[in-house]
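*Asks:* As numbered in our numbering, residues 1 to 196 make up the sequence shown, in order. Don't be surprised by glycine CBs; every beta carbon is placed ideally from N, CA and C. Given the structure is predicted, the values throughout are model-derived calculations rather than measurements.
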Amino acid sequence: IGKWHLKTQPTGFDYWKVLPDQGQYYHPEFRTKNGMVKEQGYVTDVVTDISMQWLDSVRQGNQPFLLMYQHKAPHREWWPNLPDIEEFTSREFPEPATLFDDYKGRGRAAKETEMTIHTHMALSSDNKIHPDIVNKLGYKSFMNWYQRIHLEQYNRLSAEEKAQWDKYYGPINEDFEKLAPQGKELTKWKYQRYMQ
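(1) Between H71, H150 and W78, which has its C-alpha nearest I133's C-alpha?
(2) Whole alpha helix (DSSP H) runs in the stretch 73-119 with 4 or more residues, listed along the chain?
(3) Where do the N-terminal and C-terminal ends of the beta strand (DSSP E) with K17 fall, by residue?
(4) Roughly how many angstroms lie between the CA atoms of L137 and D14, to the nearest whole one?
(5) For R156, name the three-state secondary structure that DSSP assigns.
(6) Determine which residues share a DSSP beta bridge with K3 and list them.
(7) Using a 10 Å radius around the Cβ and a threshold of 16 neighbouring Cβ atoms, would you call T179 buried or exposed?
(8) Evaluate G170 with the Cβ neighbour count: other Cβ atoms within 10 Å of its Cβ, from every protein chain shown; 16 or more gives buried, anything less gives exposed.
(9) So, are the CB atoms of V43 and Q22 less than 8 Å apart?
(10) Which first and last residues belong to the beta strand (DSSP E) in which G12 is found?
(11) By Cβ distance below 7 Å, which residues in the same chain neighbour P20 in space, the five residues on each side in sequence not counted?
(12) Quick check on DSSP: helix, strand or coil for E29?
(13) Using CA atoms only, rank isn't needed, just tell me which of R193, P96, A159 and T116 is closest to N213.
(14) Which residues bound the alpha helix (DSSP H) around M36?
(15) Our contact map puts R156 next to H75 with C-beta atoms below 8 Å; I'd like the distance itself, whole angstroms only.
(16) Under 8 Å, Cβ to Cβ, is there at least one residue of chain D near D175?
(17) According to DSSP, is Q60 helix, strand or coil?
(18) Report yes if the C-beta distance between Y191 and I117 is below 8 Å; otherwise report no.
(19) Helix, strand or coil for Y69? Go by DSSP, reduced to three states.
(20) Is the separation between the beta-carbon of K3 and that of K111 shorter than 8 Å?
Written as structure tokens, this is what we have:
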């Protein structure tokens with residue numbers, strides 16, 4: 001149940017309900033033996049509820065079972081559950097000593113991974129800056145297709161959910177546009193947004 005991220009359908013399971021590819025954070029679709037099914041809610045809650053319901057249905061007997069309970073999150077692009085959207089925003093997180101690591105003295109693998117905050121954290125999908133602002137300010141965002149992902153996730157929200165999203169992320173986007181951070185300041189900004 002949950003994240004499968006394999007090209008094949010699950011086999012050898014009595015029951016399965018898996019996200020196609022990476023899945024969606026809001027109102028996700030699931031592949032099942034009987035086709036696609038859309039569920040309302042946030043993917044972590046939905047996967048948990050489906051798993052608990054399945055677990056309750058098999059716990060009646062004495063037979064052994066296997067439950068593969070696999071979450072999408074934490075997985076970029078790190079879109080929050082809307083009720084939790086403001087939980088950490090007023091907190092400033094200490095910067096780790098490795099925030100500006102140059103990987104000197106280590107093998108190529110560490111240097112070549114696409115996991116650095118400055119270069120590889122996408123402003124749009126990872127940091128929730130609207131693609132129009134990213135483009136207006138001339139940022140060369142890592143993997144520009146993440147801008148499309150940002151819009152796809154946002155457009156899955158209901159009007160009420162969009163209003164909640166905009167109330168929270170609107171001011172963050174406005175502040176980012178005014179600051180237009182560069183260099184180390186951009187890395188610091190991205191780190192705080194990631195942690196918040």
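*Replies:* Quick look at the numbers:
(1) Position 133 of the sequence shown holds residue 133. With distances taken between Cα atoms, I133 lies closest to H150.
(2) 108-112
(3) Residue numbering aside, residue 17 sits at position 17 when the sequence shown is read from its first letter. Residues K17 to L19.
(4) As a working note, residue 137 is residue 137 in the sequence shown. As a working note, residue 14 is residue 14 in the sequence shown. Roughly 52 Å separates the two Cα atoms.
(5) One-based indexing of the sequence shown puts residue 156 at position 156. The answer is coil: DSSP assigns R156 none of H, G, I, E or B.
(6) In the sequence shown, counting from the first residue as 1, residue 3 sits at position 3. Bridge partners of K3: L19.
(7) If you number the sequence shown from 1, residue 179 lands on position 179. Reading off the sequence, residue 179 comes out as Leu, not Thr. L179 is exposed by the Cβ-count criterion.
(8) Sequence index remark: in the sequence shown, residue 170 carries index 170 (1-based). Exposed, since its Cβ has fewer than 16 Cβ neighbours within 10 Å.
(9) Here residue 43 refers to the residue found at position 43 of the sequence shown. Here residue 22 refers to the residue found at position 22 of the sequence shown. It is not a contact, given that the beta carbons lie outside the stated cut-off.
(10) Numbered from 1 along the sequence shown, position 12 holds the residue referred to as residue 12. Where G12 is concerned, there is no enclosing beta strand (DSSP E), given that its DSSP letter is neither H nor E.
(11) Locating residue 20 in the sequence shown gives position 20, counting from the first residue. Once the five neighbours on either side are set aside, the close Cβ partners of P20 are E29 and R31.
(12) Against the sequence shown, residue 29 aligns to sequence position 29. Here E29 sits in strand by DSSP.
(13) Past the edges of the chain, shown from 1 to 196, lies residue 213, and the structure says nothing about it.
(14) Sequence index remark: in the sequence shown, residue 36 carries index 36 (1-based). Run containing M36: none in the alpha helix (DSSP H); it sits in the beta strand (DSSP E), G35 to K38.
(15) To locate residue 156, count along the sequence shown from 1; it is residue 156. To locate residue 75, count along the sequence shown from 1; it is residue 75. About 16 Å; that fails the 8 Å criterion.
(16) This model lacks chain D altogether, as it is built from one protein chain only.
(17) For the purposes of this step, residue 60 is taken as the residue at position 60 of the sequence shown. In this structure, Q60 counts as coil in the three-state DSSP scheme.
(18) The residue given as residue 191 occupies position 191 in the sequence shown. The residue given as residue 117 occupies position 117 in the sequence shown. Yes. Within cutoff.
(19) On the sequence shown, residue 69 is found 69 positions in, with the first residue counted as 1. If DSSP states are grouped into helix, strand and coil, Y69 belongs with coil.
(20) As a position in the sequence shown, residue 3 is number 3, starting the count at 1. As a position in the sequence shown, residue 111 is number 111, starting the count at 1. No, these two residues do not count as a Cβ contact at 8 Å.
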